[in-house]
Amino acid sequence: MSVIKRNNVTVRGRGERAMIFAHGFGCDQNMWRLVTPAFEDKFKIVLFDHVGAGGSDLKAYSREKYSRLDGYAEDLIEICNELALSDTIFVGHSVSSMIGVLAAAKAPQLFGALVLVGPSPRYINDDDYIGGFSASQIEELLDFLDSNHMGWSTAMAPTIMGNADRPDLGEELSNSFCRTDPEIAKHFARTTFMSDNRADLPRVSTPSLILQCSEDVIAPSSVGEYVHTHLPNSELVMMRATGHCPNLSAPEETIAAIRSFVDRR
Amino acid sequence: MSHEPEPTDDLEDLFENAPCGYLSIAPSGLIAKVNATFSTWTGFTQSDLVGRRFQDFLNVAGRIFYETHFAPLLRMQGFFNEVALDIVGRDGQRLPVLVNAVERRNVAGNLQFIRITVFNATDRRRYERELLDARAAVESANVALRELNVTLEARVAREVDERMKAEAALRQSQKMEAIGQLTGGVAHDFNNLLTIIIGGLDSIGRHIEKLPTSHELERMQRFRDMALHGARRAATLTARLLAFSRRQALDPKPLDANKLIAGLTDLLQRTLGETVALDVVAAAGLWLTLADPGELENALVNLAVNARDAMTDGGKLTIETANASLDDAYVSALTEPVAPGQYVLIAVSDTGCGMDQETLAKVFEPFFTTKEVGKGTGLGLSQVYGFTCQTGGHVHLYSKVGEGTTVRLYLPRAIGGEAIVRERNLTLVPIPHGGGETILLVEDDADLRDFSAGALRELGYQVLAVSSGPPALEVIRSATQIDLLFTDVVLPDGMNGRNLAAEALNHRTNLKVLFTTGYTRNAIVHHGRLEGGVHLIGKPFTFEELATKVRAVLDAPG
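Line order of the protein sequences matches chains A and B. The opening position of the first sequence corresponds to residue 193 in our numbering, with each subsequent residue numbered one higher. The opening position of the second sequence corresponds to residue 409 in our numbering, with each subsequent residue numbered one higher.
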């Protein structure tokens, strides 16, 4: 199985230095469609889908491997090695920002800079640490995922109906943006929201940019500040954009923040 | 219902009271307008809702998935349809809904607002839940069915295996039973004939003794001895046949197997010959066993003969005794019925050539022999088997080619009673004669009746001979003096010897009774064992044995 096919890797752009864009939980590489064009003239743009999302090879999904974010970080390192990349600028959204941190800890030579969009090393509150969710809320999320097979749209209905009965619904899923396999999405949710990578932050000295949105229910501002405090060589930018996906809701502001950072790296 | 002012026109009424919730979301992400229907469903007033975000009214899972899945989807494709979410109302109640969202942009392409339409999906969610539950039930039923099928195969295989074992055991026991019936029947007829032959030869001998000696007479004497020797060997064979068929009359007594073996050592060593060593390992504290001592000796001699023949180049025969307990698990694995409990074990092991499985399966059958023609009768192990089974014991035979053979006899433990002392009476005693007593002889076989009557008369008894029960009873009911009823057990005309004796004793309480039989089953024998006080002379009997037995019964007290 080639790494390129497994992770549906696409490469474009005219630059020498590579910028790797990694999507977060809930979407695929389409997530970056409003951002990457701004960098194509100066950088080699590398996009990919995590296994289980978008056009990745679903057969490569292993519950064991992807029960920890390390499994995803290994894939990222393999993509860099496959494309013979080094000193890259990694741009990770949401959970992928932590995947980038883990990869940089394992193979620092591959990463010259990290851009972390809405990062969270731990989603569950823990003593003085405010992750944004109580343990019971995450428990409720996981219970809900275990017991509720409805999925989140009719696109997931084929799972319960059987694809043979409703091929049209399956078609809708595959034609939409942000394709995710519902069962894998559930497992990815578990892996993501149960993760605790706080201890990994101090191990990474790669220059990093943290983009923190306002009113982000997934990763509140306190979390962005925590990451900034514990990631040795980091800058924190508080964005005017609200929500969890500034790359979609405020692409200009996102591009400007990234550009001003990478221009200095 | 609504706390808002009454709708002023038709379109306003349609917006406020449509069968779905309507929300307009400003580009800032905050609710700009919401209809009365949504307000009613959530329990929040419209002014409570305006200025909040739609996501704020979802459960935690919904909020997370909205932010990570559906908000990006809306941004990228401009809409999403039929997203299943749970709204959490003012007092915490959940409302399952389906949500559509679409971006409204102006001609310049700038976002004006997001229209969110919310449908009450309570019923649909319930159907889906039921559908899911039904599917899960089917899946778990399928799993259970598969497991059942898997275990079913194993269970069927086990049952079939057990059934086949049981059938094999049944076939084996039916075969042994059939052979037993056949051999028993043959032995019975032969015993009658042998009684006449041996009796005739006895008589010839006695008459020859009275004649003056001559060369011819000596030759006649020799031929007569040869004939008698042959007839006695034939009698031994029929006895073994009866033993196998478990129809011999056993006289089990409490005995000490160690002492019995000790008394038999000389004979066994002679049987084994010089090249085979005999080693007896007698257990201390051995229980008494309940068995017929004569037959047990026969069994041990038979085993010794077999062992000797298996050790043509010499070897060692070991006889060990031990107390043994057969538990439920052990006896349930046997092909024949054996009661669990305490047994006295006599193990006879040789260092001979051993047997293969095929031979082992047939080894107890009468006339089955691995020996050359003329070297063995094939009745030795049959006697061992029949005797042990009839005694209520169990034989286990272990053998492997090249590793010798071990025969384990499990004989029932005798509880209570004292061991009898086995004596060999080798001194010659004169033949006891009659003193003119009257004997009522009942025998259906005419030749045998004539022989017995002749012998008894020769011994000095008065004999009244009849062929069945009814004429015998007539005699008994008459005033005729009778001292002894000597009757065959098996009689025609619906009355066996036992019934006849019982009837006779009703009339003459002091009457002595002697039974004879070559084929003892139930008539006077319970489970193959004589009841106390019952006298029996087995066929074939010699003139001397008859004389001794009749005298003994007449002289017995009572």
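Note that the Cβ used here is the ideal one computed from N, Cα and C, for glycine as well.
Quiz item: Quick one, which of B:433, B:887, B:664, B:611 has its alpha-carbon nearest residue 690 (chain B)'s?
Solution: The shortest CA-to-CA distance from residue 690 (chain B) to any of B:433, B:887, B:664, B:611 is the one to B:664.
Self-check item: Whole-angstrom C-beta distance between residue 463 (chain B) and residue 474 (chain B), which should lie under 8 Å
Solution: So it is a contact: roughly 5 Å between Cβ atoms.
Practice problem: Within the segment 493-551 of chain B, note down every full beta strand (DSSP E) run reaching 3 residues or more, in order along the chain. | Solution: Segments of the beta strand (DSSP E) lying fully in the segment 493-551 of chain B: 502-513, 519-528.
Practice problem: Give the DSSP-derived three-state secondary structure of residue 348 (chain A) in the structure shown. | Solution: For residue 348 (chain A), the predicted model reports a pLDDT of 43, less than 50, meaning its position is unreliable and no value from the coordinates is stated.
Quiz item: What did DSSP end up calling residue 727 (chain B) once you bin it into helix, strand or coil?
Solution: Reduced to three states, the DSSP call for residue 727 (chain B) is strand.
Quiz item: Apart from the five residues on each side of it in sequence, which residues of its chain come closer than 6 Å, Cβ to Cβ, to residue 761 (chain B)?
Solution: Hits under 6 Å: 718.
Quiz item: So which residues on chain B does residue 434 (chain A) lean against when the C-beta distance must stay under 8 Å?
Solution: By Cβ distance, chain B contributes 436, 437.
Exercise. Mind listing the chain A neighbours of residue 465 (chain B)? Cutoff is C-beta to C-beta under 7 Å, in chain order.
Key: Within chain A, no residue comes near residue 465 (chain B); the closest Cβ sits about 13 Å away, beyond 7 Å.
Quiz prompt | Nearest to residue 454 (chain A) (by Cα), restricted to the options A:275, A:262, A:283, A:442 | solution = Of A:275, A:262, A:283, A:442, the residue nearest in Cα terms is A:283.
Quiz item: Ends of the beta strand (DSSP E) at residue 817 (chain B)?
Solution: Membership of residue 817 (chain B) in the beta strand (DSSP E) is indicated by the continuous run 813-820.
Quiz item: How would you label residue 558 (chain B), buried or exposed, when you count the other beta carbons within 10 angstroms and need 16 or more for buried?
Solution: Exposed: under 16 other Cβ atoms inside 10 Å.
Practice problem: Would you mind stating whether residue 179 (chain A) and residue 280 (chain A) have Cβ atoms separated by less than 8 Å? | Solution: Nothing about residue 179 (chain A) can be read from this structure; chain A reaches only from 193 to 457.
Quiz item: Is the shortest distance between the beta-carbon of residue 1014 (chain B) and the beta-carbons of chain A less than 8 Å?
Solution: This structure does not reach residue 1014 (chain B), given that chain B is present from 409 up to 966, and the question cannot be answered.
Quiz item: Listing by chain order, which chain A residues have their CB less than 7 Å from the CB of residue 561 (chain B)?
Solution: For residue 561 (chain B), none of the residues of chain A pass the 7 Å Cβ criterion, the least Cβ distance being about 29 Å.
Exercise. Output yes if chain A places a C-beta closer than 8 Å to the C-beta of residue 524 (chain B); else output no.
Key: For residue 524 (chain B), the answer is no, since every Cβ of chain A falls outside 8 Å of its Cβ.
Exercise. Look at residue 298 (chain A) and residue 269 (chain A) and say whether their C-beta atoms are less than 8 Å apart.
Key: Going by C-beta atoms, residue 298 (chain A) is nearer than 8 Å to residue 269 (chain A).
Self-check item: One or two residues paired with residue 427 (chain A) in a DSSP bridge
Solution: When beta bridges are read from the DSSP output, residue 427 (chain A) appears opposite A:401.
Quiz item: How many Å lie between residue 210 (chain A) and residue 525 (chain B) at the Cα?
Solution: Distance between the alpha carbons of residue 210 (chain A) and residue 525 (chain B): 43 Å.
Self-check item: Per-residue DSSP class, three states only, for residue 848 (chain B)
Solution: Here residue 848 (chain B) sits in strand by DSSP.
Quiz item: When DSSP labels each residue in this structure, what does residue 441 (chain A) get in the three-state scheme?
Solution: The answer is helix: DSSP assigns residue 441 (chain A) an H, G or I state.
Quiz item: Of the choices B:743, B:488, B:963, B:839, whose alpha-carbon is the least far from that of residue 610 (chain B)?
Solution: Distances from the CA of residue 610 (chain B) to each of B:743, B:488, B:963, B:839 were compared; the closest alpha carbon is that of B:839.
Quiz item: Quick one: complete alpha helix (DSSP H) runs, 4+ long, within the segment 420-459 of chain B?
Solution: As far as the segment 420-459 of chain B is concerned, its whole alpha helix (DSSP H) runs of at least 4 residues are 444-450, 454-457.
Quiz prompt | Element boundaries [beta strand (DSSP E), containing residue 804 (chain B)] | solution = 802-807 is the extent of the beta strand (DSSP E) around residue 804 (chain B).
Quiz item: What is the DSSP secondary structure of residue 343 (chain A), counted as helix, strand or coil?
Solution: Reliability of the predicted coordinates at residue 343 (chain A) is poor, the pLDDT of 48 falling under 50, and the value obtained from them is presented with this limitation in mind. Looking at residue 343 (chain A) - three-state DSSP - the assignment turns out to be coil, as it is neither helix nor strand.
Self-check item: Cut-off 6 Å between Cβ atoms - residues of its own chain near residue 460 (chain B), not counting five sequence neighbours on either side
Solution: The answer, listed in chain order, is 439.
Practice problem: With DSSP collapsed to three states, give me the class of residue 490 (chain B). | Solution: The answer is strand: DSSP assigns residue 490 (chain B) an E or B state.
Quiz item: Is the CB of residue 223 (chain A) under 8 Å away from at least one CB in chain B?
Solution: With a threshold of 8 Å between beta carbons, residue 223 (chain A) makes contact with chain B.
Quiz item: Is the beta carbon of residue 533 (chain B) sitting closer than 8 Å to the one on residue 504 (chain B)?
Solution: With a cutoff of 8 Å on beta-carbon distance, residue 533 (chain B) and residue 504 (chain B) are scored as near each other.
Self-check item: Interface partners of residue 483 (chain B) on chain A, CB under 8 Å
Solution: Within 8 Å Cβ-Cβ: 437, 440, 441.
Quiz item: With a cut-off of 8 Å, does the C-beta of residue 346 (chain A) fall near any C-beta of chain B?
Solution: Only weak support is given to the placement of residue 346 (chain A): the predicted model assigns it a pLDDT of 41, under 50, and the value that follows is read from those uncertain coordinates. Taking a beta-carbon distance threshold of 8 Å, residue 346 (chain A) counts as an interface residue toward chain B.
Practice problem: Buried or exposed for residue 424 (chain B), please, with buried defined as at least 16 other CB atoms from any protein chain shown within 10 angstroms of its CB. | Solution: Residue 424 (chain B) sits buried, since 16 or more C-beta atoms from the chains shown fall within 10 Å of its C-beta.
Quiz prompt | DSSP bridge partner residues for residue 924 (chain B) (one or two, in chain order) | solution = Answer is B:896, B:945, bridged to residue 924 (chain B).
Quiz item: In angstroms, rounded to a whole number, what distance separates the CA positions of residue 853 (chain B) and residue 726 (chain B)?
Solution: The alpha-carbon atoms of residue 853 (chain B) and residue 726 (chain B) are separated by roughly 46 Å.
Quiz prompt | Continuous alpha helix (DSSP H) stretch holding residue 915 (chain B): start and end | solution = Following the DSSP letters along the chain, one finds residue 915 (chain B) inside the alpha helix (DSSP H) bounded by residues 905-915.
Self-check item: Residue-chain proximity (residue 468 (chain B), chain A), Cβ-Cβ < 8 Å
Solution: Interface residue, yes.
Practice problem: Please determine, among B:921, B:501, B:771, the residue with the shortest C-alpha to C-alpha distance to residue 968 (chain B). | Solution: No information on residue 968 (chain B) is available, as it lies outside the stretch 409 to 966 that chain B covers here.
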